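Numbering-wise (our numbering), the sequence shown opens with residue 92 and increments by one.
Encoded as structure tokens, the structure appears first; notes follow it.
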Amino acid sequence: MTERATPPRPHHKLTEDGRRKREVLSYSRRGSRFTPRQQAAWDLHHQKWVVTEETAADEDFTWEQAFGRRAPMVVEIGSGVGEATAALAATRPDVDVLALEVWNPGVADTLWKLADVGADNVRLCTLDAAWTLAHRVAPRSVEEVWTFFPDPWPKTRHHKRRLVRADFAALVADRLVPGGTWRLATDWADYADQMRAVLDAEPGLVGGEVERWQERPVTRFERKGLDVGRTITDLAYTAR
Ligand SMILES: C[S@@+](CC[C@H](N)C(=O)[O-])C[C@H]1O[C@@H](n2cnc3c(N)ncnc32)[C@H](O)[C@@H]1O
């Protein structure tokens, strides 16, 4: 694994006098307080499914240890409340699904869903996905990456916060095994255009818009988009 060159939790970075640093982040700093139901999920299940930030940030850490086996790995970026995570992982017991989500309450909600479907092949981690891919995932080691409904950052002045940018695309292309697939979905037409432009320009990837991936369950974000009349775009790009 590579050395830790940047902080694993950029959203926790403080200035010397204790103020939060202004970073360009792909997520907003939402509250991390649990509802009673989320707290109950955490208390019951976190030891089974959550890899703590401290554990994953350790330089000797490996995902094989965390999953307790060596299997093809899928990385989900921004798993939210785990609707896709639990449904897809349950149908694919042969793969290990690493779900990265910085929002703790979403991780807690995911725990109920994993318990419901009995998906033992999932590990959740609240570290920043870009840091984790860069520093805790080896090149050419991931079978699939899933990025479903990434935060759209619709205001033009916020577009720089969108996750799917050239630097991130190059990182994902490098982490996928040759022939591995990055599956994406969005309900924002101009973000779909940006994704296509960025991914078409990435020399390590080949692909484009595809039919809806039928296995992908309809999440709350997709339903909200459909309810207000947006078109859903699915993309799939393969690593060369
Ligand atoms: C709009 S939600 C979509 C959630 C889920 N994929 C779905 O379809 O329901 C995007 C999620 O990505 C998470 N996220 C954004 N940037 C991230 C990053 N760099 N690392 C980990 N999670 C991130 C956010 O916290 C948020 O929960």
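All residues carry an ideal CB built from backbone N, CA and C; glycine is no exception.
These numbers were taken from a predicted model, which means no experiment stands behind them.
In this structure, how does DSSP classify Phe259 when only helix, strand and coil are distinguished?
Correct three-state label for Phe259: helix.
At a cut-off of 8 Å, is Arg121 close to ligand 1 when judged by its beta-carbon and the heavy atoms of the ligand?
Yes - ligand 1 has a heavy atom lying nearer than 8 Å to the Cβ of Arg121.
With a threshold of 8 Å, are at least 3 pairs of Cβ atoms found where one atom belongs to the stretch 142-156 and the other to the stretch 174-182?
Verdict: no, contact absent.
Cβ of Leu296 within 9 Å of Cβ of Trp279?
The answer is no: Cβ separation not under 9 Å.
My understanding is that Arg307 touches Ala276, with C-beta atoms under 8 Å, so please give their C-beta distance in whole angstroms.
Contact flag correct, Cβ pair sits at about 7 Å.
Under 8 Å by Cβ, that's how I've got Ala147 and Arg227 pegged, so tell me the actual separation to the nearest angstrom.
With 8 Å as the limit, Ala147 and Arg227 qualify as a contact, their Cβ atoms being about 6 Å apart.
Looking only at its chain, what residues have a beta carbon closer than 7 Å to the beta carbon of Pro230, apart from the 5 residues adjacent to it on each side?
Sequence-distant partners of Pro230 (beyond 5 residues in either direction) whose C-beta falls short of 7 Å from its own C-beta, in its chain, are Asp265 and Arg266.
Output the boundary residues of the beta strand (DSSP E) element that contains Thr238.
Val233 to Phe239 is the extent of the beta strand (DSSP E) around Thr238.
Using 8 Å for Cβ pairs, my map puts Val213 next to Ala190. What's the rounded Cβ distance?
With a beta-carbon spacing of about 6 Å, Val213 and Ala190 fall inside the 8 Å limit used to define contacts.
My output table needs one value for Val193: the three-state DSSP class, helix, strand or coil.
Reduced to three states, the DSSP call for Val193 is coil.
Within 10 angstroms of the Cβ of Arg248, are there 16 or more other Cβ atoms? Answer buried if so, exposed if not.
Label assigned to Arg248: exposed.
Cβ neighbour criterion (16 or more within 10 Å) applied to Ala330
Buried: at least 16 other Cβ atoms inside 10 Å.
Local Cβ density within 10 Å of Glu145, reported as buried at 16 or more and exposed below that:
Result: exposed.
Please say whether Ala327 and Asp301 have beta carbons closer to each other than 9 Å?
It is worth fixing the name first, because residue 301 is Val in this sequence and not Asp. Yes, these two residues count as a Cβ contact at 9 Å.
Contained beta strand (DSSP E) runs [length at least 3] in the stretch 141-179, N- to C-terminal order
Scanning the stretch 141-179 from its first residue to its last, the whole beta strand (DSSP E) runs of 3-plus residues come out as 164-168.
Give the DSSP bridge partners of Leu215, in chain order.
According to DSSP, residue pairing for Leu215 in a beta bridge involves Val141 and Ala190.
Kindly identify the DSSP beta-bridge partner or partners of Asp325.
Note: Asp325 sits in a beta bridge opposite Ala276 and Val301.
Among Gln305, Glu293 and Arg253, which residue has its Cα nearest to the Cα of Ile168?
Ranking Gln305, Glu293 and Arg253 by Cα distance to Ile168 puts Arg253 first.
Run of the alpha helix (DSSP H) containing Trp222, from where it starts to where it stops:
Trp222 -> alpha helix (DSSP H) spans Ala220 to Arg227.
Identify the continuous alpha helix (DSSP H) that holds Gly316 and give its terminal residues.
Boundaries of the alpha helix (DSSP H) around Gly316: Arg311 to Asp318.
Which residues in the same chain have their Cβ closer than 6 Å to the Cβ of Leu290, if we skip the five residues on either side of it in sequence?
Closer than 6 Å at the Cβ level, and outside the excluded window around Leu290, lie Ala260, Leu296 and Tyr328.
Starting from the Cα of Leu224, find the closest Cα among Val255, Pro245 and Val263 and give me that residue.
Considering only alpha carbons, the answer is Val263.
Look at the alpha carbon of Arg160 and the alpha carbon of Ala292, and state the distance between them as a whole number of angstroms.
Answer to the nearest angstrom: the Cα atoms are 36 Å apart.
Can you grab the Cα-Cα spacing for the pair Ala257 / Arg124, in whole Å?
Approximately 34 Å, taken between the alpha carbons.
Whole angstroms are fine: how far does the CA of Gly197 sit from the CA of Glu235?
The C-alpha of Glu235 lies about 22 Å from the C-alpha of Gly197.
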